[in-house]
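The structure under discussion appears below in the form of structure tokens.
In UniProt numbering, the protein residues as written are 1 to 949.
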């Protein structure tokens with residue numbers, strides 16, 4: 001009632017936007033007669049003229065380097081974006097009118113008025129919620145074309161590689177007719193092809209490919225190796241799936257660590273000998289904290305909390321683990337922390353992760369199953385040793401634990417874009433999260449035809465056995481009439497269980513659970529045929545419409561393959577086959593419509609309401625009839641963990657008999673309440689992940705910004721001189737603090753270590769911060785003079801290349817080590833809560849200090865190496881290779897881009913300053929394996945240059 005009143009009074013923000021969009025649509029429709037008379041060439045010529053105006057305006061505003069922290073540069077760019085947006089809005093009506101006419105000519109599809117409204121919502125940086133079957137694939141190109149005319153590139157993100165390739169190929173004739181180029185990125189493609197795809201006006205791909213390319217771009221050693229050219233405008237298809245469902249898992253590029261996989265097998269053996277207790281999900285233990293009450297542990301080795309997805313060892317379990325390993329203090333001694341952690345992960349693998357639900361074993365490997373789509377996630381691995389624990393549990397080869405080299409959350413990646421938009425059939429339930437995290441509004445676009453699907457009330461049974469028996473009975477009954485049925489399941493194992501029941505009743509059907517995307521889409525496309533029964537895991541086949549009577553295009557393609565026909569060479573024969581299938585599907589559709597359309601049967605409610613709505617949305621597209629109903633039981637995970645106690649009491653009072661179902665709105669409300677609880681839990685998880693990653697993101701912006709400058713700047717000499725001076729400042733500030741006693745000896749030692757002996761002489765007589773100003777200026781001046789002299793010795797171009805190479809080498813190594821330290825800090829920071837401290841605040845404070853130390857060390861090591869590097873000839877290099885002596889400092893490294901030269905430290909093997917004959921190498925003491933590495937990395941020799949010695 002209140003919503004209706006808001007609309008009537010014009011207070012509904014969604015209705016206000018739609019009113020504005022309808023006015024624009026009227027203007028577009030008014031241009032249609034005139035544009036219809038234009039030739040293809042005339043339309044393209046006008047489109048290119050508009051493009052020239054927008055790209056010329058965009059060229060005036062410099063795109064800041066990735067993660068710029070310069071406020072003035074960022075403010076100028078924002079002003080430029082505002083002007084570009086204003087200019088684009090002025091051309092929106094004409095571009096949309098031109099694109100609609102060209103879509104009709106090139107694709108045979110004329111966008112409906114509601115599709116134009118959806119495209120306007122995307123152009124303004126909103127999420128367009130459009131029901132399944134409303135043609136979102138054709139909505140995106142309208143907004144994409146207009147924004148591509150700025151010349152800064154547009155990214156279109158889809159849920160899988162198949163849909164990215166399909167949509168790009170499908171829309172390519174329209175894009176090219178409007179003067180735009182289009183490319184696709186996918187896994188394992190050639191680097192040059194990938195760069196070419198990004199250089200196109202429009203680039204299609206998956207979220208993981210875009211994210212990983214961004215991380216890889218910030219790991220390359222030359223600007224030519226970078227593939228992305230900025231983050232201008234992005235449209236995310238199935239935005240709820242990508243920005244919500246997948247946002248709990250960050251993107252990580254990792255390398256192997258030195259851990260022994262055998263330790264996971266030992267931990268698994270221990271876990272198998274422990275006895276667990278599953279906590280009652282509805283148990284609530286209230287305690288009076290004013291009274292001393294002893295916490296009673298269960299009579300087991302560990303306790304499993306399915307609701308929180310956690311395990312906790314009891315005192316008995318801890319003692320048992322220590323006895324089995326013969327290691328006292330296993331969980332209290334930090335020296336055994338790794339083994340204790342592996343045992344806990346092994347218990348978690350056995351108790352909380354189920355085969356054919358959370359993962360499958362395929363070809364001797366553990367492959368994760370996407371909990372929202374049911375698809376296999378090849379190449380993905382659980383973090384924190386959990387994947388290795390599952391591998392040990394399933395007796396397959398245990399892979400080495402990995403070390404993080406680069407990482408970013410999807411939230412922070414997509415927030416890089418100057419403008420972000422998305423589209424889906426279900427976004428309203430998550431509108432608050434979209435607004436808070438991404439700044440995205442949700443515009444609910446009306447359907448082209450009224451939805452007449454009948455959504456029936458849920459049926460609830462006492463047990464799963466009763467529920468699935470009822471599901472099989474109703475499928476058998478409906479199938480007998482010829483009406484098509486789509487059965488939605490929540491896991492691979494459930495779909496196979498339903499399949500077994502249908503086989504027993506001899507009901508022909510097809511099962512979709514984690515198959516290849518191409519096969520998946522082809523099967524889903526035919527799920528609306530007469531008599532079809534399709535069992536699909538979650539939302540298998542998203543991006544493909546279920547057409548009643550069958551999809552003639554898919555059927556025709558199959559016929560082409562069977563008869564070895566080429567659509568281009570055998571055009572007449574192929575056209576004839578297409579007409580035959582089109583006629584057959586049209587007749588079949590009439591029969592299906594008479595039977596009531598597609599029937600949706602859900603075998604379980606999902607934790608998120610969106611997923612249920614997506615399943616329902618497969619039926620009743622474009623005004624077609626249809627029906628949907630969910631079959632539930634009190635043993636379903638959702639009801640068992642979040643509210644079965646209330647429902648069981650209610651059903652018990654009603655005295656339900658075996659096989660009897662309960663159907664009531666009260667129960668449906670209780671189920672929806674349970675779903676809201678789970679949605680809040682998941683939202684908190686994603687929000688917590690983002691809060692911690694925001695801390696890391698500030699550091700990542702600083703490092704990647706510095707890295708981009710090093711890669712892209714033509715001349716780094718002045719930057720190097722400033723860095724050398726800042727190192728002097730850092731040393732002096734540390735040795736002469738404002739609020740602590742001064743340590744002149746510390747400053748002298750550090751200056752001598754970083755620069756050269758003698759530079760510390762300027763500190764003679766300086767014993768306090770108040771009288772060290774002149775000494776500081778003198779040291780800075782000497783370092784600056786020596787820097788200029790160093791550049792002159794190497795020549796400007798060589799010095800520039802050397803400084804670039806050293807900077808990247810040192811920065812990348814330090815960032816990798818910093819990520820390792822951040823992982824360790826993140827793992828233990830939660831314990832600060834025991835001391836009444838906020839873990840997030842503590843993480844923020846500790847990580848800031850850690851980052852400060854890392855960046856100071858980076859600057860020192862860069863300058864230290866730069867002053868100690870020297871050119872060597874081929875003869876010197878051969879002498880280095882023959883020499884068996886170790887030097888206390890310096891390292892020899894190849895100069896980038898030169899095959900006949902290199903550089904090394906002044907005391908490296910055979911290295912020397914300047915030209916002339918190299919002095920004979922001197923014998924020096926051999927470096928011990930546990931001594932600091934002479935190259936100055938800060939690592940032990942055995943873990944650095946001595947690794948292969």
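No residue lacks a Cβ here, since even glycine has one placed at the ideal position from N, Cα and C.
Just so it is clear, the structure is predicted and the values come from calculations on it, not from any experiment.
{"Item": "Those runs of the alpha helix (DSSP H) which lie wholly inside the stretch 434-499 and span at least 4 residues", "Value": "464-479"}
{"Item": "Contacts around residue 826, its chain only, beta-carbon distance under 8 Å, and the 5 residues preceding and following it disregarded", "Value": "692 and 843"}
{"Item": "For residue 240, three-class secondary structure by DSSP", "Value": "helix"}
{"Item": "Separation of residue 588 from residue 535, as counted between CA atoms", "Value": "21 Å"}
{"Item": "Within 9 Å, strictly: CB atoms of residue 485 and residue 600", "Value": "yes"}
{"Item": "Burial state of residue 951, where buried means 16 or more other Cβ atoms lie within 10 Å", "Value": "Lying outside 1 to 949, the shown extent of the chain, residue 951 is not represented and no answer is given."}
{"Item": "Own chain residues within Cβ distance below 7 Å of residue 573, not counting five before or after", "Value": "565"}
{"Item": "Cβ shell of residue 191 (< 8 Å), same chain only, five flanking positions each side left out", "Value": "225 and 227"}
{"Item": "Exposure of residue 436, with buried meaning 16 or more beta-carbon neighbours within 10 Å", "Value": "exposed"}
{"Item": "Rounded straight-line distance, which links the Cα of residue 144 to that of residue 154", "Value": "7 Å"}
{"Item": "Three-pair Cβ contact test at 8 Å for the stretch 725-740 versus the stretch 776-789", "Value": "yes"}
{"Item": "Spatially closest choice to residue 28 from 699, 76 and 114, by CA coordinates", "Value": "114"}
{"Item": "Option nearest residue 755 by Cα separation, candidates 770, 523 and 723", "Value": "723"}
{"Item": "Rounded C-alpha distance that separates residue 156 from residue 413", "Value": "14 Å"}
{"Item": "For residue 336 and residue 271, the rounded distance between their alpha carbons", "Value": "16 Å"}
{"Item": "Beta-carbon proximity list for residue 416, same chain, < 7 Å, skipping 5 on both sides", "Value": "231"}
{"Item": "Which residues DSSP lists as bridging residue 183, in chain order", "Value": "203"}
{"Item": "Chain-order list of residues whose beta-carbon lies under 8 Å from that of residue 428 (same chain, five-residue window excluded)", "Value": "129, 442 and 444"}
{"Item": "CB-CB length for residue 404 against residue 254, believed under 8 Å", "Value": "5 Å"}
{"Item": "Distance between residue 147 and residue 179 (C-alpha atoms, nearest Å)", "Value": "13 Å"}
{"Item": "Inter-residue spacing [alpha-carbon to alpha-carbon] between residue 839 and residue 58", "Value": "44 Å"}
{"Item": "Presumed contact (8 Å Cβ cut-off) between residue 159 and residue 168, rounded CB distance", "Value": "Contact flag wrong, Cβ pair sits at about 14 Å."}
{"Item": "Segment contact, 8 Å Cβ cut-off, at least three pairs: the stretch 364-371 with the stretch 319-327", "Value": "no"}
{"Item": "Pairwise C-alpha distance: residue 710 and residue 808", "Value": "7 Å"}
{"Item": "Which of helix, strand or coil DSSP assigns to residue 955", "Value": "Any property of residue 955 remains undetermined from this structure, which presents the chain solely from 1 to 949."}
{"Item": "DSSP-derived helix/strand/coil call for residue 406", "Value": "strand"}
{"Item": "Alpha helix (DSSP H) segment containing residue 55, residue limits", "Value": "40-59"}
{"Item": "Neighbour-count burial assignment, residue 172, 16 or more Cβ in a 10 Å radius", "Value": "buried"}
{"Item": "Reduced DSSP category for residue 129 - H, G, I as helix; E, B as strand; rest coil", "Value": "strand"}
{"Item": "Same chain, Cβ closer than 6 Å to residue 137, five either side skipped, listed in chain order", "Value": "167"}
{"Item": "Per DSSP, the bridge partner or partners of residue 266", "Value": "Beta-bridge pairing links residue 266 to no other residue."}
{"Item": "Of the listed residues 215, 87, 397 and 447, nearest to residue 118 (C-alpha basis)", "Value": "447"}
{"Item": "Beta-bridge partners of residue 235, as assigned by DSSP", "Value": "156 and 421"}
{"Item": "Start and end residues, alpha helix (DSSP H) containing residue 952", "Value": "There is simply no residue 952 to check, as the chain begins at 1 and stops at 949 in what is shown."}
{"Item": "Distance, residue 273 Cα to residue 340 Cα", "Value": "15 Å"}
{"Item": "Same chain, Cβ closer than 6 Å to residue 620, five either side skipped, listed in chain order", "Value": "451, 453 and 626"}
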